[in-house]
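Each residue of the sequence shown is one higher than the last, beginning at 1045 in our numbering.
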Amino acid sequence: MTAIKIEGAGYPIKKVLSDDFVFNIPNYQRPYAWTTEQTEQLLTDLIDALGDKSTDIDKLPPYFLGNIVLIKPIGRSESEVVDGQQRLTTLTILFAVLRELLPTYKHNLESFICQPENPLGGASASPRLILRERDRDFFKEYIQSSDGIEKLDKINLHDLSNSQRNIVKNTRFLLDKIAKDLPEEFHKVRLTQFILQHCYLVIVHTSDFDSAYKIFSVLNDRGLDLSITDILKADVIGKLSQDKEQEQKYTRKWEDLEEQLGRKDFTELFSHIRMIYAQKKLESSVLKSFRDYVLIREENKDSRYLIDKVIEPYAKALENIKNYTFVSVIHTSEINRLFRWLQKTGNSDWVAPGILYLTKYRHEPEQLLKFFTDFERLAAGLTILKANIDKRIKRYADLIKLIENNGDLYSFDSPLQLSIQEQQEICDRLNGDIYNTYKTKNISLYILLRLNSAISDGTPDYDTYKKITIEHVLPQNPKFDSQWLNWFSTEVKENYLHRLSNLVLLSHQKNIAASNYDFQSKKEKYFNKPVSTFALTVQVLKEQEWTPAIVKARQRYLLGELKKIWRLKENETIDKDTETLTTQTETFKELAPYAPDGFSHLSSQIAELCESVYEKPVRLIHWQKFLVFLKMSFRAIAFV
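What follows is the structure in structure tokens.
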């Protein structure tokens, strides 16, 4: 086994920014990402460590600035930065700012930013830090050039990339902060001396990428601020380092995808890709699992395949789902609307099968609409049932397998479909207390918004509201002498207080005092100020009173609407308050077309009951009569 030669030592900054090192940021690295928050923290730490002027600079203890990892051939100064770009870039900006603020020492400070020209020694002037290709010229012109900072005021930030904006903002911040906190030249000089002489970086370097990357990964496991996408970028694009043209091309593609999605969503993407490949709950870190299940499975294919055929199409699908940007010749709005509802279900476990199916059937909008209609139904159902993460992951993993194997997604036993038992349990939950059942009110709000859309004219855009809250019509704590207690007994109040029928939506903050108004005042002064646009609330505004009979009828109506939305079938259940039997009517609906005159060929009494079941739920007493008639009628039995 060949030993890996690793060298490491602590270097003062004056040695780090010397001819011993020429730092190059490879294209596979992430863009410069430090904001003014990290930059301020660095400067504050340095000033705090510096102390007051009473302490002799030579007696100050050394200050540690962290580790950097390099690929550095033995005996050469050229150093490829595997980890440390953020600190090296910010330190270079800091010295450029000090150069601007200390004109007396401009020439001295210049030497820590750029290697000076040495005609006798054969060395040309060159930057000590060379950024990624995308930012290299910008950094050289505005930071490393001796007159660059003077031109920053003319820059329009909107024309810049994120990394370039960070460079400009951090430079401006340091200029203002140092000028304000260290107004005297003496203080600025002292800070500069402290950084150069008493601040250290531990530089770990080896001569090849694999060993440098292993060091990088170990340091990351110890808690350094490195993203999974940074590591995987080095993993994937680093393999193209022998072909600079390809490395450059795929670095640009990677960064374009990251910029389109945003860093947070781009990082999330790799968790979803991991799920598609592993098809089970995460058992270790996302990084380790991605390597074990994705990189190993695709190890016979090169990095270009992984980016072109896996990362890029899944990134596009994720962007479509997250931002509702799917476009097709038909069903565009319907599909994007389903994406909106999916994102309100309270978790992101559904995303992996979602991006898998969208990627696979992107050009088949009919298929997409059919799938995502049932998929939103499934996600909503699992949310309403309060399925825990293990149950959700298992269900979605089974669905991923079925999608990949081109199985029948619409058979009764498909993981995409809700079982009869699940449908019954969902109906039970929707017919009960939906206000206190869930730990977060976001789930209750999701149910009510879904319902509100179903009964609205048009398609409401809830993203335009700054705030949407849930309010009770019948108050939770009505006053002792209020109208409410004349309408509702304690038992009926407790039965309906937190159910669908007694809840409305408001586009403003709750008002606890107004919550207890009598019905008319509550409508005029609370529910309709500002004017309500929620269908659920508008329906209540049309009522002249809020009695148990109205609430009970409204409960049946709203529950029925939700059952239509998600195609929920109930087993027979008896509502004790109304002695009404709710039953599935599909049997009669299926039979009706085969009857020449509907149900008229049956006895008049049986026909009447059949039509009653067909049209609406029947009272329990009618159902009992129907069973008697059914037994008595051979023709009816034969027909059924």
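Glycine included, each C-beta is placed from N, C-alpha and C at the ideal position. Note that the structure is predicted; figures quoted are calculated from it, not measured.
N- and C-terminal bounds of the alpha helix (DSSP H) containing residue i
{"i": "residue 1316", "result": "1307-1322"}
{"i": "residue 1361", "result": "1356-1367"}
{"i": "residue 1151", "result": "1150-1157"}
{"i": "residue 1497", "result": "1485-1498"}
{"i": "residue 1114", "result": "Not the alpha helix (DSSP H): residue 1114 falls in the beta strand (DSSP E), residues 1107-1115."}
{"i": "residue 1389", "result": "That residue, residue 1389, is in no alpha helix (DSSP H); it is neither H nor E in DSSP."}
{"i": "residue 1766", "result": "The displayed coordinates of the chain run from 1045 to 1684. Any statement about residue 1766 would go beyond what the structure contains."}
{"i": "residue 1465", "result": "1464-1474"}
{"i": "residue 1539", "result": "1534-1540"}
{"i": "residue 1224", "result": "1206-1225"}
{"i": "residue 1604", "result": "1592-1609"}
{"i": "residue 1128", "result": "Premise fails: residue 1128 is in no alpha helix (DSSP H) and is neither H nor E."}
{"i": "residue 1412", "result": "1409-1428"}
{"i": "residue 1346", "result": "Segment: none, residue 1346 is in no alpha helix (DSSP H) and carries neither H nor E."}
{"i": "residue 1574", "result": "Premise fails: residue 1574 is in no alpha helix (DSSP H) and is neither H nor E."}
{"i": "residue 1186", "result": "Per DSSP, residue 1186 belongs to no alpha helix (DSSP H) and is neither H nor E."}
{"i": "residue 1397", "result": "1395-1404"}
{"i": "residue 1704", "result": "The displayed coordinates of the chain run from 1045 to 1684. Any statement about residue 1704 would go beyond what the structure contains."}
{"i": "residue 993", "result": "A question about residue 993 goes unanswered here, because the residues of the chain that appear run from 1045 up to 1684."}
{"i": "residue 1332", "result": "1330-1334"}
{"i": "residue 1530", "result": "1528-1531"}
{"i": "residue 1563", "result": "1563-1566"}
Boundaries of the beta strand (DSSP E) in which residue i is found, first to last residue
{"i": "residue 1374", "result": "Counting along the chain, residue 1374 falls outside any beta strand (DSSP E), and DSSP gives it neither H nor E."}
Beta-carbon contacts of residue i that lie in its chain and below 6 Å, excluding the five residues immediately before and after
{"i": "residue 1464", "result": "none"}
{"i": "residue 1045", "result": "Here residue 1045 scores only 47 on pLDDT, less than 50, and its place in the model should not be relied on; the value that follows carries that caveat. If we look at residue 1045 and ignore the five residues flanking it on each side, it has no Cβ neighbours."}
{"i": "residue 1054", "result": "1244 and 1246"}
{"i": "residue 1419", "result": "none"}
{"i": "residue 1324", "result": "1441"}
{"i": "residue 1170", "result": "1159"}
{"i": "residue 1239", "result": "1057"}
{"i": "residue 1130", "result": "1078"}
{"i": "residue 1559", "result": "1519"}
{"i": "residue 1050", "result": "1250"}
{"i": "residue 1285", "result": "1291"}
{"i": "residue 1168", "result": "1161"}
Beta bridge counterpart(s) of residue i as assigned by DSSP
{"i": "residue 1449", "result": "The partner list for residue 1449 (beta bridge, DSSP) is empty, contrary to what the question assumes."}
{"i": "residue 1516", "result": "1547"}
{"i": "residue 1245", "result": "1055"}
{"i": "residue 1067", "result": "1123 and 1173"}
{"i": "residue 1050", "result": "1250"}
Sequence-distant residues of its chain with Cβ nearer than 8 Å to residue i (five each side left out)
{"i": "residue 1265", "result": "Note that residue 1265 scores a pLDDT of 47, beneath 50, so its modelled location is shaky and nothing firm can be said."}
{"i": "residue 1154", "result": "1143, 1160 and 1190"}
{"i": "residue 1330", "result": "1272, 1314, 1315 and 1318"}
{"i": "residue 1079", "result": "1210, 1213 and 1214"}
Cβ shell of residue i (< 7 Å), same chain only, five flanking positions each side left out
{"i": "residue 1216", "result": "1196"}
{"i": "residue 1087", "result": "1218 and 1221"}
{"i": "residue 1611", "result": "1421"}
{"i": "residue 1445", "result": "1323"}
{"i": "residue 1106", "result": "1242 and 1244"}
{"i": "residue 1378", "result": "1413"}
{"i": "residue 1668", "result": "Confidence in residue 1668 is poor, its pLDDT being 48 and thus under 50, which makes the residue's placement too unreliable to answer from."}
{"i": "residue 1509", "result": "1551"}
{"i": "residue 1492", "result": "1514, 1547, 1549 and 1580"}
Distance between beta carbons of residue j and residue i, contact taken as under 8 Å
{"i": "residue 1580", "j": "residue 1475", "result": "So it is not a contact: roughly 16 Å between Cβ atoms."}
{"i": "residue 1156", "j": "residue 1121", "result": "15 Å between Cβ atoms; not a contact."}
{"i": "residue 1083", "j": "residue 1133", "result": "The pair is not a contact, with the Cβ atoms about 10 Å apart (cut-off 8 Å)."}
{"i": "residue 1526", "j": "residue 1472", "result": "31 Å between Cβ atoms; not a contact."}
{"i": "residue 1372", "j": "residue 1409", "result": "4 Å"}
CB contact check: residue i to chain D, cutoff 9 Å
{"i": "residue 1076", "result": "In the displayed structure, chain D is absent; only one protein chain is listed."}
beta-carbon residue i near the ligand ATP non-hydrogen atom, thresh 8 Å
{"i": "residue 1245", "result": "Among the components of this structure there are no ligands whatsoever, and the ligand ATP is therefore not found."}
Problem - Given 8 Å, three or more beta-carbon pairs between the stretch 1388-1407 and the stretch 1336-1344 - result: no
Practice task
Inspect the CB distances between the stretch 1361-1368 and the stretch 1295-1315 and report whether three or more fall short of 8 Å.
Solution key: yes
Problem - Contact between the stretch 1226-1244 and the stretch 1083-1098 (3+ Cβ pairs under 8 Å) - result: yes
Exercise for the section: Assess, as a yes-or-no matter, whether the stretch 1233-1250 is touched by the stretch 1108-1116 under the definition of 3 or more beta carbon pairs within less than 8 Å. Expected result: yes
Practice task
Answer yes if the stretch 1509-1524 comes into contact with the stretch 1449-1468, meaning at least three C-beta pairs across the two stretches below 8 Å, and no otherwise.
Solution key: no
Problem - Contact the stretch 1526-1544 vs the stretch 1581-1597: 3+ CB pairs below 8 Å - result: yes
Handout entry: Meets three-Cβ-pair contact criterion under 8 Å: the stretch 1510-1517 and the stretch 1476-1495
Key = Segments in contact, yes.
Handout entry: Validate contact between the stretch 1536-1550 and the stretch 1405-1419 using beta carbons, cut 8 Å, 3 pairs
Key = Contact between the stretch 1536-1550 and the stretch 1405-1419 is absent, because fewer than three Cβ pairs lie under 8 Å.
Practice task
Evaluate the contact criterion for the stretch 1420-1434 versus the stretch 1374-1389: three or more CB pairs, one atom per stretch, below 8 Å.
Solution key: yes
Practice task
Assess, as a yes-or-no matter, whether the stretch 1566-1574 is touched by the stretch 1594-1613 under the definition of 3 or more beta carbon pairs within less than 8 Å.
Solution key: no
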